[in-house]
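Chemist: This structure is in structure tokens; I'll ask about it shortly.
4 protein chains.
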Amino acid sequence: MAALFRWTRGALGRWHSHVHSVQVCSRSMASKTQVGFIGLGNMGNPMAKNLIKHGYPVIATDIFPESCKELQELGAQILDTPADVADRADRIITMLPSSPNVIEVYTGANGILKKVKKGSLLIDSSTIDPSVSKEMATAAEKMGAVFMDAPVSGGVGAATSGKLTFMVGGAEEEFTAAQELLNCMGSNVVYCGQVGTGQAAKICNNMLLAIGMIGTAETMNLGIRLGLDPKLLAKILNMSSGRCWSSDTYNPVPGVMEGVPSANSYQGGFGTTLMAKDLGLAQNTATNTKTPVPLGSLAHQIYRTMCARGYAGKDFSSVFQFLREEDGQ
Amino acid sequence: MAALFRWTRGALGRWHSHVHSVQVCSRSMASKTQVGFIGLGNMGNPMAKNLIKHGYPVIATDIFPESCKELQELGAQILDTPADVADRADRIITMLPSSPNVIEVYTGANGILKKVKKGSLLIDSSTIDPSVSKEMATAAEKMGAVFMDAPVSGGVGAATSGKLTFMVGGAEEEFTAAQELLNCMGSNVVYCGQVGTGQAAKICNNMLLAIGMIGTAETMNLGIRLGLDPKLLAKILNMSSGRCWSSDTYNPVPGVMEGVPSANSYQGGFGTTLMAKDLGLAQNTATNTKTPVPLGSLAHQIYRTMCARGYAGKDFSSVFQFLREEDGQ
Amino acid sequence: MAALFRWTRGALGRWHSHVHSVQVCSRSMASKTQVGFIGLGNMGNPMAKNLIKHGYPVIATDIFPESCKELQELGAQILDTPADVADRADRIITMLPSSPNVIEVYTGANGILKKVKKGSLLIDSSTIDPSVSKEMATAAEKMGAVFMDAPVSGGVGAATSGKLTFMVGGAEEEFTAAQELLNCMGSNVVYCGQVGTGQAAKICNNMLLAIGMIGTAETMNLGIRLGLDPKLLAKILNMSSGRCWSSDTYNPVPGVMEGVPSANSYQGGFGTTLMAKDLGLAQNTATNTKTPVPLGSLAHQIYRTMCARGYAGKDFSSVFQFLREEDGQ
Amino acid sequence: MAALFRWTRGALGRWHSHVHSVQVCSRSMASKTQVGFIGLGNMGNPMAKNLIKHGYPVIATDIFPESCKELQELGAQILDTPADVADRADRIITMLPSSPNVIEVYTGANGILKKVKKGSLLIDSSTIDPSVSKEMATAAEKMGAVFMDAPVSGGVGAATSGKLTFMVGGAEEEFTAAQELLNCMGSNVVYCGQVGTGQAAKICNNMLLAIGMIGTAETMNLGIRLGLDPKLLAKILNMSSGRCWSSDTYNPVPGVMEGVPSANSYQGGFGTTLMAKDLGLAQNTATNTKTPVPLGSLAHQIYRTMCARGYAGKDFSSVFQFLREEDGQ
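Protein chains in written order, with numbering that gives the first Met the number 0: chain F, 0 to 328; chain C, 0 to 328; chain S, 0 to 328; chain V, 0 to 328.
Quick look at the structure:
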């Protein structure tokens, strides 16, 4: 898909200026010593390959041995458990589907923290609840290791081409060390603040994205019913205060833009089921912090209902189709 | 307030290119013959003044005689009723608070249509239900006159400085004639399609605007609760897929931007009560066309509840304050 | 369908006690003089038949002549226009699909008010916007006639068996006169207050009904997912504070109750499209009175979305099916 | 407050008939051997007292020693930790504020499971996430103990008078044993199914209750605005399909009923903040099971917003006041 995050180079400079401290720790940053990688799924696999391409020796593991074959052929060393990886590498990246997997991989019986070396840098790129990130950070700290959350934006395409965006939370003085590795896999690495703020930034962005997308779909549908030409309406919105990413970059109405999922039967892109998952995280986070999020909450319900009605695999901009009169499809 | 609509000059050229037909009718466009103006409220008054500034003799009326004094001193001729105005001018602009007023001024006992001349051009700049615009157009057509809807974007400031945006619906061959007058009062005049589409465009934009604003307020509030710096979060959103006008141009969180109502205790700007009115129009329109607008509908309810809780007079970005924990204010 | 309204006889006595005034006007209530009936659709037809059964001579009309045949065979006199009916009968009942029809039938070129006799009683049983009822009442008053709104609860079955419920708004001193006729067609006639309150009561009830139904559907679905037996859950709710008409009388989950649409593939009952229409009226009414109705508004959107997704003809309890996981159906 | 759950005796018989198996285990049910009680807050304190009243020797602990004084004076033995209690009693009841407390009390360093005896019966009356109940049950089973969830309905008053309702989840063959103790503290004990279904039943009921309450408040407010008398409207709803517990037993409009919080400035009753907590559990549970709950979700957001706007301590029926026009209060 087209990356959901687009950073301009100019702006990037400012982000980088956040980081002025110098990294001094036992990990040698200059030499390309081995890097651990745990979780070789659709995203983890191409990410690990990019580390290899950049010359890093990779030591990897996955709960499904077959996921490791491709990487092994590229020279990666495959071990049995996260603990084994932690025993051999002092920089480890994890890329897992959900919070329980992260908890298991870090704190389980064969988890990283069983054998982690003092001073190790542990970077979790999974998208999970920020409170779990904080728990992992506390547990890592007890073992003398550093944990950072660094969820990604961008799909398999961006993972393959090394164009992911990483939103990073954790101790600011460790950011440079994390950046060295993350730059191999992404084109933008943003420092967000303390542990958990990487997750927070991603969750917040995706919640607002969902709201904007459903809002755009409703608005375009209403305008069309009222006799407006869809392309003209999109132009008016995009020059006005209704403008948003979903209206000007990823318009959900077929025929308005090219190169977006709405131009391709809502195939590809960012699946409704993934959006529902992220909105679930936003909802849980909002509930736990007692924050009212009325539109975010309704957006979650709409995407959840869409999953129940057969839209799980379509791009999340298919909400336009979901809301339209059936005869009109 | 800063205009809610911002048009770039470059883009404008394309809008203008929509209009290639030549205007041929009995109305003399070259000469500056008198123009009727009905409705001299906060908006109508400065609009009519701008017509005078551009050299047009103005014949006006208002239900409140005192509203006419200022214009009279500038040389406008004040008559008693809309019918009287229609008897003297073949180009008339109306600027009224709501649908019932428009119906009365056009079709009432002393309404425009009682004495309208054949071939007259009637331009209504009120923000009303598009179905009422269509009714008025039909009624005008029966009398041999042309009706166009041309609601504005931009507040009293833009009306005074002649920088309004007009969204125009009606017969395309009449657009040039309308433009001649509207250009005196606005910096952007956009042709939207058949009668009612001017209203439709405005209603659609403001509905998406409201959704984006509440969404931004929720998202910023959630992010802050999760430990993100508000300015940093706004930057991240604005570089990402969560970006919208409310996040990058009119951020509702105090301290994030300057020169917006959130930097000034939510004074000025676009009042919550006005937004609630526009969302009410959107809701009625959606109901009547059987169009599902779940987020637009909830946005309407939230602004309506805010009006009930003391926010009626504050800028609509005060929804951020409404959703925050009271202690935190 | 099972009547949506169920009145107990005991309670009914109290309603009737609202009416203690004696009816004195030119209309002879004792004699069974002719009654006008306008609108012979699915509901109007059986209603008019019940008037005939009770010995009233009926003078009727309908925009579709074929709708009148059956009634004509039963002895009703069929005329061409509402004005003709008003010229012959001083008690008239109207049963029409929506507000514009009511406006036309009363105030149109061949409308009732063109030839209405002074002192006539005009009873409108259509379900429309209360503000239109008020307009009609004002127009009738100018002609010396009395208008009352008396929308019904109960479907075609109740209309046929004479078991409708009427909610009546209008001058209290006319209620007895209205009751005489309405009792022929319904088993419950409730006086609600001034003109428009009959509509208000119906709209309010159906809005709360929709909220309760969707809420019950969500709750049952959630409970089932959490491992509760549906019948047991219904019992627990019905003995507790979650109890409502939709949970204890019209449960939307197949298998929980017998004799309700959920036991019959959601056939029969009260169609989703009719509920969406009533919720649209509630929404318009709330918008026009600036009343926040967040759940009513969302319920409207959900039923509107269901209409767009193929549920228009199913009973409104099919929202349970709409919200369920597709595979589970 | 009036108990939110009201069970009729007649119906109760049927519940009891669910339980036909005979309890055979090492715990002596006939003799009144000591019972452990952990968590002596506002609810736990009067509950433990009722056990003492019924002749059970109680062994208790609480994280706040001062909470134990009153019970100690009544003869209870106070120990330091949950583990100590488990070491001495083979029937234990826990009553704690939230999931993390339950996890700590059961599985913490000094938790029950550290010293629990084989065959012990552990009953948790806290209101928590059903998934946590399941986790605790699994952990208890590993130690040879039985865990049941038994959240209560009814407030401090019902706890004091021994009139609570318990919704019980767990192995059916253990229900009789649980009942023996719960009957000392409550007037209704309902078996709901496997572990977690007690929580599920409570969460479901309270979600539907919240939806019904907000719906009733909206509907009453709308009806009043439309000119209906509140008492009359309540009567109409209660005889019709809009009927629900909030309209007929706990009406939120001042003046409609006596003896409810709306008659007493919304003091007492079930606090908005507690309802928001239960709706948060419902939301988390729905999110985790991927169940769409649009109205439940919006109800959560409304109660959450009310907490942010100063309604945290008022009864949850104060949503009527929250939605009304301020001037009208």
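Virtual Cβ for every residue (Gly too), placed ideally from N, Cα, C.
(1) Does the contact criterion of 3 or more C-beta pairs under 8 Å hold for the stretch 229-237 of chain S versus the stretch 221-238 of chain V?
(2) In three-state DSSP terms, what is D61/F?
(3) By a C-beta neighbour count over all protein chains shown, 10 Å radius and 16 as the cutoff for buried, is K52/F buried or exposed?
(4) May I ask you to list the residues that DSSP assigns as paired with D128/S?
(5) Excluding sequence positions up to five away, which residues of its chain have a Cβ less than 6 Å from the Cβ of V334/C?
(6) If you draw a straight line from the alpha carbon of P129/F to that of G226/C, how long is it in whole angstroms?
(7) Which residues in the same chain as N283/V place their Cβ atom closer than 8 Å to its Cβ, once the five residues preceding and following it in sequence are excluded?
(8) List the residues of chain S whose Cβ lies closer than 9 Å to the Cβ of T304/F, in chain order.
(9) Spatial neighbours of V145/S within its chain, please: CB distance less than 6 Å, with the 5 preceding and 5 following residues excluded, ordered by chain position.
(10) Please report the residue range of the alpha helix (DSSP H) in which C203/F lies.
(11) With a cut-off of 8 Å on the beta carbons, I'd call D277/S and N205/S a contact; round off their distance for me.
(12) Any chance the stretch 162-177 of chain S sits against the stretch 162-181 of chain V, with 3 or more Cβ pairs inside 8 Å?
(13) Identify the continuous beta strand (DSSP E) that holds G35/F and give its terminal residues.
(14) Determine the direct distance from the alpha carbon of S239/V to that of D228/V, and round the result to whole angstroms.
(15) Cβ of Q33/V less than 9 Å from any chain F Cβ?
(16) Note down the Cα distance separating T218/V from F63/C, rounded to an integer number of angstroms.
(17) For S132/F, which residues from the same chain have a beta carbon less than 6 Å from its beta carbon, with the 5 sequence-adjacent residues on both sides left out?
(18) Shortest alpha-carbon distance to K201/F belongs to which of K289/F, V167/F and H299/F?
(19) Along the stretch 218-236 of chain F, where does the CB come closer than 9 Å to a CB of chain S? Name the residues.
(20) Roughly how many angstroms lie between the CA atoms of G192/S and T32/S, to the nearest whole one?
(21) Can you check which of these residues, S245/S, N182/S, E257/S and T272/S, is closest to G54/S by C-alpha distance?
(22) Can you check which of these residues, V189/C, M184/C and G35/C, is closest to R90/C by C-alpha distance?
(23) Cβ closer than 7 Å: which chain F residues qualify as neighbours of A307/S?
(24) For a contact meaning CB atoms closer than 7 Å, what does Q282/S contact in chain C?
(25) Spatial neighbours of G38/F within its chain, please: C-beta separation below 7 Å, excluding the five flanking residues on both sides.
(26) In three-state DSSP terms, what is F269/C?
(27) Any C-beta of chain V sitting closer than 9 Å to the C-beta of L297/C?
(28) Taking 9 Å as the CB-CB cut-off, is T164/V touching chain F?
(29) Just to make sure I have the definition right: I need the residues of chain S whose C-beta is within less than 8 Å of the C-beta of K114/C. Which are they?
(30) If you check the beta carbons only, do S264/S and S316/S fall under 9 Å apart?
(31) Going by DSSP, what residues sit across from V329/F in a beta bridge?
(32) Please determine, among M135/C, P291/C and N287/C, the residue with the shortest C-alpha to C-alpha distance to N100/C.
(33) Could you tell me if K141/V is buried or exposed, where buried requires 16 or more neighbouring beta carbons within 10 angstroms of its beta carbon?
(34) Thinking C243/F and G43/C are a contact (beta carbons under 8 Å), I'd like their distance in whole angstroms, please.
(35) Taking the alpha helix (DSSP H) that R87/S belongs to, which residues open and close that run?
(36) Report all residues from its chain with a CB closer than 6 Å to the CB of V115/S; omit the five preceding and five following residues, and keep chain order.
Modeler: Taking the definition as stated:
(1) No, they do not touch.
(2) In the structure shown, D61/F sits in coil (DSSP, three-state: anything other than H, G, I, E or B).
(3) The C-beta of K52/F has fewer than 16 other C-beta atoms within 10 Å across all chains shown, which makes the residue exposed.
(4) DSSP output for D128/S lists no bridge partner at all.
(5) The requested residue 334/C is not part of the displayed model; chain C covers only 0 to 328.
(6) P129/F and G226/C have their C-alpha atoms spaced approximately 10 Å apart.
(7) If you ignore the 5 residues before and after N283/V, its C-beta comes within less than 8 Å of the C-beta of D128, all in its own chain and listed in chain order.
(8) Correct list: I301, T304, F321 and L322.
(9) The residues are L120 and E173.
(10) First-last of the alpha helix (DSSP H) with C203/F: T196 to R224.
(11) Between N205/S and D277/S the Cβ distance is about 4 Å, and since that is below 8 Å, they are a contact.
(12) Short answer: they don't touch.
(13) Element bounds for G35/F: V34 to I37.
(14) About 16 Å.
(15) No - not a single Cβ of chain F is within 9 Å of the one on Q33/V.
(16) Spanning the two alpha carbons is a distance of roughly 38 Å.
(17) Counting only Cβ-Cβ distances below 6 Å, and skipping sequence neighbours, we find D148, V194, G195 and Q198.
(18) Measuring from the Cα of K201/F, the nearest candidate turns out to be V167/F.
(19) Of all residues in the stretch 218-236 of chain F, none places a beta-carbon less than 9 Å from a beta-carbon of chain S.
(20) Those two C-alpha atoms are separated by around 27 Å.
(21) That would be N182/S, whose Cα lies nearest to the Cα of G54/S.
(22) Among V189/C, M184/C and G35/C, the Cα nearest to that of R90/C is on G35/C.
(23) Within chain F, the residues near A307/S are L322, R323, E324 and E325.
(24) Listed by position along chain C, the residues whose Cβ is nearer than 7 Å to that of Q282/S are Q282 and T286.
(25) Within the same chain, and ignoring the five residues on either side of G38/F in sequence, the residues whose Cβ sits closer than 7 Å to its Cβ are D61, T93, M94 and L95.
(26) Coil.
(27) With a threshold of 9 Å between beta carbons, L297/C makes contact with chain V.
(28) Output row for T164/V: interface = no.
(29) Correct list: empty, because the minimum Cβ distance to chain S is about 24 Å.
(30) With a cutoff of 9 Å on beta-carbon distance, S264/S and S316/S are scored as not near each other.
(31) Residue 329/F cannot be examined here, being either before or after the span of chain F that is shown, 0 to 328.
(32) In terms of CA proximity to N100/C, M135/C leads the group M135/C, P291/C and N287/C.
(33) With a 10 Å radius around the Cβ and a threshold of 16 neighbouring Cβ atoms, K141/V comes out exposed.
(34) Contact flag wrong, Cβ pair sits at about 32 Å.
(35) Taken as a continuous stretch (DSSP letters only), the alpha helix (DSSP H) holding R87/S covers P81 to R87.
(36) Here the set comprises A85, M142 and A144.
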